[in-house]
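Working notes for the structure below.
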Amino acid sequence: MSQDALSKLLSTRDWLMADGATGTNLFNMGLSSGEPPEFWNIDQPDNIRQLYRGAVESGSDIFLTNTFGGNASRLKLHQAQDRVHELNRVGAALAREIADASGRTVVVAGSVGPTGEIFEPMGTLTHALAVEMFHEQAEGLKAGGADVLWVETISAPEEYKAAAEAAALAGMPWCGTMSFDTAGRTMMGTTSAAMAEMVEKLANPPLAFGANCGVGASDLMRTVLGFVSTGSPRPIIAKGNAGIPKYHDGHIHYDGTPELMGEYAVLARDAGARIIGGCCGTMPEHLKAMRAALESTPKGPRPTLEEISAKLGGFSSASDGTGDTSNDPKRERRNRRG
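Residues in the sequence shown are numbered from 18 upward in steps of one, following our numbering.
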């Protein structure tokens, strides 16, 4: 089996830059609240090309397809559960077109978000149904030309495991991130240490794993240090939000400046992340600053929690959920909003 595009690129570089926000960029183009972004793959393809091009032209080595909510469970909310294959295939095909026109190696990552359902026994979602939904989406992304599946913003270990199985069924390499947004844990209670342990036990482990979204860049960095401390040999992904969301004139605005995201990118690399990108609020101007900072700043020592909070702002909770809080900086209890 020939080496996949992402592994090939990782073997030639110390770090790769991923992309930024999908939703924030599309809302700026006129996507209305409640409208499924995936519909734009068919209805507004030029806007989706513009989204992808923005990432590539800002220096991203990997960018995600506009298919985050492209599973049957999410699309059923819009009576579009029968359009899974089409919306994913077209979302990936538009991405393939932009990547191939870039003149360099750019990896198309097929975005696979959570189903939005809760697993048995608390909810009704079964493992078999979750695998089926993810597999259907994966086949659409594969047909459109995605290089790798990119499972993201997962909070339940069961869902992560179902996505791993679906990737194997589709014969696709995959990466997978979870979102740590509740005092260093996912909404379902998973810690960074527990995730790293789970990843190594999977029958079909991801090429790379890590964290995306969550609270702010500081909290995400603390989670990355948690992954690194487990000694995992697998490449780690850091995809943090551009600061903290603020409600402002009727819309959500993220307060992270391009300079802050440049600092974050360098800290993430120095902490041990190999794939570094942004999540909510991260626009092309942030990506350009991140790329410039990564290229112009020599690699430094692994940052401490004190250095992270001094550069990116305090943490949102005293603990990262993994138990030992003896090294936590005392000032991290300060309100991050000022």
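Just so it is clear, CB atoms sit at the ideal spot from N, CA and C, and this is done for glycine as well.
When we look at the beta-carbon of residue i and count the other beta-carbons within 10 Å, is it buried (16 or more) or exposed?
i      : result
Tyr281 : buried
Ser235 : buried
Leu104 : buried
Arg30  : exposed
Met46  : exposed
Pro315 : exposed
Ala22  : buried
Met195 : buried
Ile269 : exposed
Lys25  : exposed
Glu217 : exposed
Arg348 : Residue placement at Arg348 is poorly supported in this model, since its pLDDT is 31, which falls under 50; the coordinates are not used for a value here.
Ser49  : exposed
Thr141 : exposed
Ser333 : buried
Tyr264 : exposed
Gln20  : exposed
Ala335 : exposed
Checking 7 angstroms against the spacing of the C-beta atoms, do residue i and residue j come in under that value?
i      : j      : result
Ala112 : Tyr69  : yes
Cys192 : Leu242 : no
Met307 : Met278 : yes
Val165 : Pro131 : no
Ile292 : Ala35  : yes
Pro275 : His303 : yes
Arg167 : Ala126 : Looking at the sequence shown, residue 167 is not Arg but Trp. Yes, Cβ-Cβ distance for Trp167 and Ala126 is below 7 angstroms.
From the options, pick the residue whose C-alpha is nearest to that of residue i; which is it?
i      : options                           : result
Ala220 : Val245, Leu242, Gly243 and Ala181 : Ala181
Asn229 : Thr299, Pro318 and Asn45          : Thr299
Pro301 : Leu186, Lys25 and Asn42           : Asn42
Gly161 : Ala213, Thr203, Gly140 and His102 : His102
Ser77  : Gly295, Leu48 and Tyr264          : Gly295
Asp63  : Phe197, Gly86, Asp198 and Ala110  : Ala110
Whole-angstrom Cβ separation of residue i and residue j, contact assumed at under 8 angstroms?
i      : j      : result
Gly133 : Glu55  : The pair is not a contact, with the Cβ atoms about 14 angstroms apart (cut-off 8 angstroms).
Phe151 : Ala185 : About 11 angstroms; that fails the 8 angstroms criterion.
Ala163 : Thr240 : No, Ala163 and Thr240 are not in contact; Cβ-Cβ is about 26 angstroms, not under 8 angstroms.
Gly233 : Asn258 : 6 angstroms
Arg319 : Ala288 : 6 angstroms
Gly338 : Gly120 : Incorrect: roughly 43 angstroms between the Cβ atoms, too far for contact.
Would you say the beta carbon of residue i is closer than 6 angstroms to some non-hydrogen atom of the ligand ATP?
i     : result
Lys93 : In the structure on display, the ligand ATP does not appear, and there are no ligands present to speak of.
Would you please verify whether the beta carbon of residue i is less than 7 angstroms from any beta carbon of chain B?
i      : result
Asn221 : Of the protein chains in this structure there is only one, and it is not chain B.
Touch check for the stretch 307 to 327 and the stretch 87 to 95: three-plus C-beta pairs under 8 angstroms? no
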